[in-house]
DNA sequence: ATCGAAGGGCCGACGAGCAAACCTTTACTC
DNA sequence: GAGTAAAGGTTTGCTCGTCGGCCCTTCGAT
């Protein structure tokens with residue numbers, strides 16, 4: 064038997080953790096809000112429409128919306144012209160749990176895979192339109208070096224935008240999940256403007272490689288980009 | 064708004080698909096069996112132990128085992144020294160559903176991400192022991208060029224072995240999931256010995272790059288390796 | 001012959017989720 | 001100002017998956 068046999072045995076028989084529809088909905092909408100995919104002040108679809116789109120009963124959706132409303136991420140107004148809106152401003156983020164911190168390396172590993180795959184496929188497939196949108200995001204980021212929260216929001220839009228350029232919905236989902244997991248880790252470490260500037264240089268190189276349809280260069284630039292975060296985390300967290 | 068806004072909106076509000084514990088268990092064990100992670104004739108842990116490890120009730124586990132037994136993947140014997148065993152031989156694989164076929168490109172995209180990430184991280188982290196195990200698998204594959212089913216089983220062990228070399232359980236899980244999804248697509252296309260020989264050459268180069276701790280070369284070799292499959296599928300399936 | 005470890009079967013309790021109503025608030029329209 | 005449409009809020013009852021426990025059957029080892 065190969066030396067890894069124990070590990071794969073462990074993996075096969077690891078706990079099955081079935082999320083409930085309620086939990087999954089809270090997480091989906093909550094992450095989208097925290098990542099800025101749903102902008103502050105934006106209006107969600109009406110409950111009756113949203114539950115149909117999500118494929119769940121309205122009562123289940125309302126449980127999720129109630130939870131998000133109690134945590135302050137969403138607020139609802141009644142009557143005609145009312146609806147459910149993303150809170151503005153958003154409530155402050157909560158510090159990451161011990162469990163999240165303990166698994167930080169695996170989280171980074173998963174992100175590495177998603178980002179690398181996205182970089183390669185975006186380089187193969189991105190349409191000129193998409194590349195232009197990415198260019199604009201990079202320019203926008205340049206003006207946000209002094210304001211980390213705003214920078215991070217636009218950063219997420221850039222990474223998700225790369226995933227969208229692959230036109231592979233599952234990769235978009237994987238990217239939002241990965242970014243959601245990373246945000247918990249990233250939020251509480253310092254990001255001086257110089258670091259953000261160099262990070263955005265890397266963005267520029269990634270987008271340039273995508274424009275040139277150069278998958279190898281895109282992957283290389285992305286690897287470098289991710290190493291920055293990882294090195295900082297390795298210095299701050301256990302198991303580094 | 065970026066051109067991708069529609070896509071990310073679609074993604075955020077896409078149906079939440081809550082698997083039941085029963086379904087998840089059938090899929091986990093079923094995939095492990097089909098992939099050969101649980102070898103034919105192997106004995107599963109006792110029900111009472113297994114349900115504890117999976118974190119589910121015994122009655123739920125038994126539903127899953129009953130399903131797997133009815134589909135012929137597993138057989139159970141009672142009494143002391145009895146237990147639940149992986150069937151030998153396994154039942155013939157079923158042809159892929161129309162849904163699986165329609166999403167083949169996204170499946171390949173996800174696999175690309177996982178395999179690429181695994182290749183890079185394995186090159187950074189693999190221990191000499193693990194590399195040696197991979198070498199042995201490549202050698203074993205060399206003797207199986209004439210027997211596709213056996214080749215494919217060992218092929219999976221090699222790819223999962225690479226994932227194990229990263230020592231990242233989530234990547235191992237991601238790899239087994241990806242291989243499970245690919246198997247459905249691969250099983251029904253022709254694989255003449257010459258194709259397998261060239262595929263195994265690529266394996267050799269991947270492992271060599273991992274041994275040399277050369278992440279870039281590992282990623283390159285892996286990309287090339289995956290393109291083979293993808294090109295064949297693109298020729299046979301719609302949307303290619 | 002007995003014991004113990006294994007699968008096999010059964011049943012009651014509980015909670016998630018669903019479906020379909022109905023109520024309340026609010027704003028636009030005529 | 002009355003009516004109506006569109007939104008969130010509430011209630012109710014049912015189904016079904018899951019749990020947890022209990023007892024039965026089988027059969028090798030002692």
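Residue numbers (this note's numbering), protein chains in the order written: chain A, 64 to 303; chain B, 64 to 303. Heads up, the beta-carbon is just placed ideally off N, CA and C, and yes, glycines get one too. Everything numeric in this text was worked out from a predicted model, so none of it was measured.
Under a criterion of Cβ atoms nearer than 8 Å, the residues of chain B adjacent to residue 81 of chain A are, in order, 81, 82, 83, 84, 87. Proximity of the stretch 213–228 of chain A to the stretch 265–274 of chain A meets the contact definition, three or more beta-carbon pairs being nearer than 8 Å. Among the residues facing chain B, residue 173 of chain A is included, as its CB has a counterpart in that chain under 9 Å away. The beta-carbon of residue 233 of chain A is placed less than 9 Å from the nearest beta-carbon of chain B. Counting only runs of 3+ residues, the beta strand (DSSP E) found wholly inside the stretch 115–184 of chain A occupies 137–140, 146–149, in chain order.
Here residue 82 of chain A is exposed: its Cβ has fewer than 16 other Cβ atoms, across all protein chains shown, within 10 Å. Around the beta carbon of residue 261 of chain B, fewer than 16 other beta carbons lie within 10 angstroms, which makes this residue exposed.
Assigned with DSSP and collapsed to three states, residue 233 of chain B falls in helix.
For residue 106 of chain A, the pairing in a beta bridge is given by DSSP as A:148. In terms of Cβ geometry, residue 204 of chain A and residue 263 of chain A form a close pair [threshold 9 Å].
With its beta carbon at least 9 Å from every one in chain B, residue 301 of chain A lies outside the interface. Boundaries of the alpha helix (DSSP H) harbouring residue 257 of chain A: 256–274, taken from the DSSP string.
Close CB contacts of residue 153 of chain A within its chain, under the 8 Å cut and outside five residues either way in sequence, are with 96, 97, 103, 135, 136 (chain order). Interface annotation, residue 101 of chain A: in contact with chain B, CB-CB separation under 9 Å.
Within the same chain, no Cβ atom closer than 6 Å to the Cβ of residue 251 of chain B is found once the five residues on either side in sequence are excluded.
Contact check for residue 241 of chain A against residue 182 of chain A fails: the beta carbons are separated by 9 Å or more. Here residue 240 of chain A carries a helix assignment [DSSP, helix/strand/coil]. Here the alpha carbon of residue 99 of chain B sits roughly 32 Å from the alpha carbon of residue 84 of chain A.
Membership of residue 216 of chain B in the alpha helix (DSSP H) is indicated by the continuous run 211–228. For residue 159 of chain A, not one C-beta of chain B is nearer than 9 Å to its own C-beta. Contact note: residue 78 of chain B reaches chain A through 116, 117, 118, 119, using a C-beta cutoff of 9 Å and chain order. Leaving aside the five residues that flank residue 295 of chain B on each side, the residues in its chain whose CB is nearer than 7 Å to its CB run, in chain order, 252. Bounds of the alpha helix (DSSP H) holding residue 191 of chain A are 191–205. At a Cβ-Cβ threshold of 9 Å, residue 228 of chain A and residue 189 of chain A count as neighbours. Contact annotation: residue 247 of chain A and residue 159 of chain A have beta-carbon atoms nearer than 9 Å.
DSSP, reduced to helix, strand and coil, places residue 252 of chain A outside both helices and strands of the structure shown, so it counts as coil. Between residue 237 of chain A and residue 177 of chain A a beta carbon distance of about 5 Å is seen, short of the 8 Å cut, so the two are scored as contacting. The three-state reading of DSSP puts residue 296 of chain A in helix, counting H, G and I together.
Cβ-Cβ separation between residue 150 of chain A and residue 138 of chain A: approximately 6 Å, consistent with a contact (criterion under 8 Å). Just measuring C-alpha positions, the residue of A:234, A:105, A:280 sitting nearest residue 171 of chain B is A:234. With distances taken between CA atoms, residue 184 of chain B lies nearest to A:293 out of A:73, A:200, A:293. The beta-carbon of residue 279 of chain B is placed less than 9 Å from the nearest beta-carbon of chain A.
Residue 232 of chain A places its beta carbon less than 9 Å from that of residue 73 of chain B. For residue 165 of chain B, not one C-beta of chain A is nearer than 9 Å to its own C-beta.
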